[in-house]
Amino acid sequence: MPDLSDSLAGSSGVNRRSVLKGIASAAALSAVPGAVLAACSSSGKPGGGTTTSGSGGAASGGGSITFGSNYSDPQPKAAFASLISNATSKAGVKVSVNTVDHNTFQNNISSYLQGTPDSLATWFAGYRLQFFAAQNLLSPIDDVWDKIGGNFNDATKALSKGADGKYYLVPIYNYPWVVFYNKSTFQKNGYTIPKTWDEFISLCKQMQKDKLIPLAFAEKDGWPALGTFDILNLRINGYDYHIRLMQHKVPWTDKGVTDVFKQWQELMPYLQNSANGRIWQDAATALENKQAGMMFQGSNQVAANYSAKNLADLDFFPYPEINPQWAQDFMDAPTDGFILPKKGTNPDAAKKVLEYIGSADAEATFLKTDHWDVGVAQGLVAPTYNAIQKKSVEAISACKSVSQFMDRDTVPDMATAMISLIQSFIDDPSTSNISKIQKSAEDQAKSIFQS
Amino acid sequence: MTSAATPAAGSGAGSGAKVGPAATKSRRRRRVRILTRRDRLVLAALIGVPLLLDLAFVWFPALASVGLSFTSWTGVGPVHLKSCNAFHTLPGLPKPGCVYGVQNYHQAFTVYPAFWPAVRHNAIWLGVFILVATPLGMLFAVLIDRGLRGSRIYQSLLFLPVMLSLALIGIIWEFVYAPDRGLINTVIGRNQNSNQIDWLGNPHLNLWAILVEACWRQAGYVMVLYLAGLKAVDPSLREAATVDGANAWQTFWRVVFPTLRPINVVILVVTVIESLRAFDLVYITSKGNPLRGLELLSVSVTQSIVGETQRIGFGSALGVVLLVISLVPISMFLWQAFRREER
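Respectively, the protein sequence lines represent chains A and B. Here my numbering is used: position 282 in the first sequence is 282, and no number is missing along the way. Here my numbering is used: position 75 in the second sequence is 1075, and no number is missing along the way.
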């Protein structure tokens, strides 16, 4: 009996140890795939992007750089690829592009810029640029601007600067936020382009009689309705007021903001219903299918969403005048461009590429396949421009100032706060809700701007 | 430790043959208590490694979140242990990470518009789980336990949603709820532009629509837990109750249900935790973009911390609030578990 107990105990001891050994070897085994994975990820790029090399190949001593791109939709991606292939041959720098999904890129920008960013990256002008420049995440590119400065007007220059007055962005294109309509619809029903608010409202009424949705409208994406706030504010209170509001130098409880919401209240019956559940593509489709008479949004969305066969029927007019003091002097014309992350590699070669991108030639290359944006270089009329693009250039240059859109003109957190407040306005555009919205906006602005 | 038996204890089988029964008895007792260095090393590793992992991946992040909730860190640069008043930036441009006191909590409770709706929706979620999903799951379990014909098929069907990920459930139900081409609106003929019901967009409807999805899954989960419990109930209890003249209703509530007490505690804890960590369905439905009517604490935390600007301090404060709420059911469960062990 003792033999048995002892041998049992002994064997169980052996068993335990062999089990432990087994666990250890299993751990070692499992570490192998881990190492393989680590090897993979070290060669891949942060953000899980796909890598495509620029086609030029022969880099004449300029070195090579990587380019982080959020142009993930097929058409902008193709336009960007042709730009990069030209940059490779003109600047003599080999460029490989890492394309990351649009929204993912923006959501990760903070950790991306702090980690191992590419030599160059796509970004936006305005406050959204200054925000990251002020946190010391971008390199100033004044030396690039010494060479390309002559290609751009003062408004574009101002948009490319950080709060410290240094340049941080090379712009590539912008696009106007205007009222789109189908020429055939206006012709058939004998509508005329409204110049003033009263004409605009009576046109909306007429469209309702003609069984059309006057204004296609969507807000599920959150940002599109910010454009309506922007344009009403620009028309009623002017550009300076709008920018001061965006920077919280004017309180959100101000009477000017009340006026904007009151004006919007008047417009509500003519906007497409249940907008909070609709994505903007569906609203643009309602316009394209002629269920809707007009739609206020950026050409980068509406014109890009139109099929090629209907694009010739599409036309636009600037938002009608509300306050004669400001007439039609301003609009949102968001500008996109490229930044030089501070932690990127090979900045000298990257700057050569930026110098090329800051030329009219580069913009024309980019716009060859892009039929909704317009270049920002002075006097550029690319040979490939369609009617919408030609008219866009005129409309933007007719403005005394252009704003960038709320999510680029104010702190991103404030834009996020306004998205949910404006969605609540769309659900309940009553006067009592307007004052609630204004109060909440002001409370949140105070905490976000920490003043 | 110094007794003569000690060396023998470690040397294993070799010396065992000559030891008498009395010695064996004492040795066996000691074997339990006295460990060799090797055993102690193994034990230390077995306890130490999980402890280290626990400290590194549970306690450190939890305590770091608590710490960060008192700062205004945006995820850029280091955190300074100085008050935010010591730093000056242009209004709106973020300050470096600095000590912000209880401002984050103050803002969450007073200014942040999603906070109280989120708390309310989490509470509604919990209420619906306790009052609808759990009784439903219990009913399914009792019916299946009675051995209806085809009960295995019912069991599989009802359990099927539990095997799907919540993200998948969200996508499946989107086909049911979609306003233009969804199942419900098509069947009831409300899919025209003028009369359609926006189940997932309307802030008065969407929480309830999502709760139907959540209960669809939760009921199956509860059912399986109760089924396990019911199978373990001694059949003689039921027989005794029947002999005593109890009807089915009385047998269940007076005899079977009280014996299910441990299962009930588990289900209560599972329900509370599931309703506090509710996130996936809402996130999938709103595509990461907050939909009004669907505010939840977990969604607010994610929204503050993930994104173009990261208000990590503020998001941590919301996370700490969620942690404090979660601690209540966790403590209840632990208290129950330890009390049972002591008995």
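No residue lacks a Cβ here, since even glycine has one placed at the ideal position from N, Cα and C. All figures in this text were calculated on a predicted structure; none of them were measured in a lab.
One thing to note: residue 178/A has its Cβ no nearer than 8 Å to the Cβ of residue 355/A. Take residue 1165/B, set aside five residues on each side of it, and the residues of its chain with a beta-carbon closer than 8 Å to its own are 1280, in chain order.
When secondary structure is reduced to three states using DSSP, residue 182/A falls in the strand class. With a cut-off of 8 Å on Cβ pairs, the stretch 164–174 of chain A is not in contact with the stretch 1118–1132 of chain B, counting fewer than three such pairs. When beta bridges are read from the DSSP output, residue 1175/B appears opposite no residue.
Cα atoms of residue 1052/B and residue 1067/B: separation of roughly 20 Å, rounded to the nearest angstrom. Residue contact with chain A for residue 1035/B: absent (no Cβ-Cβ distance below 8 Å to any residue of chain A). Using a CB distance below 8 Å, no part of the stretch 293–304 of chain A faces chain B.
Secondary-structure assignment with DSSP links residue 315/A through a beta bridge to 181/A. Of all residues in the stretch 1284–1312 of chain B, only 1289, 1290, 1292, 1306, 1307, 1308, 1309, 1310 and 1311 place a beta-carbon less than 7 Å from a beta-carbon of chain A. Residues of chain B whose Cβ lies closer than 7 Å to the Cβ of residue 101/A do not exist, since the nearest Cβ in that chain is about 12 Å away.
Contact between residue 288/A and residue 310/A holds, with the beta-carbon distance rounding to 6 Å and staying under 8 Å.
The Cβ atoms of residue 1283/B and residue 1299/B lie closer than 8 Å to each other.
In the three-state DSSP reduction, residue 1076/B falls in the coil class, being neither helix nor strand. Distance from residue 295/A to residue 302/A at the Cβ level is roughly 6 Å; contact confirmed, criterion being Cβ atoms closer than 8 Å. Relative to residue 407/A, the option among 349/A, 372/A and 334/A whose CA is nearest is 334/A. Beta bridge pairing from DSSP links residue 73/A with no other residue. Residue environment: residue 350/A is assigned as buried (16 or more neighbouring CB atoms within 10 Å of its CB, all protein chains considered). Setting aside the 5 residues that flank it on each side, residue 364/A is surrounded in the same chain by 382, each with a C-beta closer than 6 Å to its C-beta; the list follows chain order. The stretch 150–158 of chain A makes no contact with the stretch 255–272 of chain A: fewer than 3 CB pairs, one atom from each, lie closer than 8 Å.
When 377/A, 410/A and 361/A are compared, the shortest CA-CA separation from residue 84/A is found for 361/A. In the three-state reduction of the DSSP assignment, residue 193/A falls in the coil class, being assigned neither a helical nor a strand state.
Listed by position along chain B, the residues whose Cβ is nearer than 9 Å to that of residue 216/A form an empty set, because the closest Cβ is around 11 Å away.
Going by beta carbons, residue 1324/B and residue 1315/B fall outside the 8 Å limit. In the structure shown, residue 373/A falls within a coil segment according to DSSP collapsed to helix, strand and coil. Residue-level contact check: residue 220/A touches chain B, since one or more beta carbons of chain B fall below 8 Å from its beta carbon. Against residue 131/A, the close residues of chain B are 1092, 1093, 1094, 1308 and 1309, in the order they occur along the chain (beta-carbon pairs closer than 9 Å). In this structure residue 1319/B is not in contact with residue 220/A, their Cβ atoms being roughly 27 Å apart against a cut-off of 8 Å.
A straight-line Cα-Cα distance of about 9 Å links residue 1330/B and residue 1273/B. Looking only at 430/A, 186/A, 79/A and 410/A, the smallest Cα-Cα distance to residue 246/A is reached by 410/A.
For residue 1107/B, the chain A residues whose Cβ falls inside 7 Å of its Cβ are 447, in order along the chain. In the three-state reduction of the DSSP assignment, residue 1191/B falls in the coil class.
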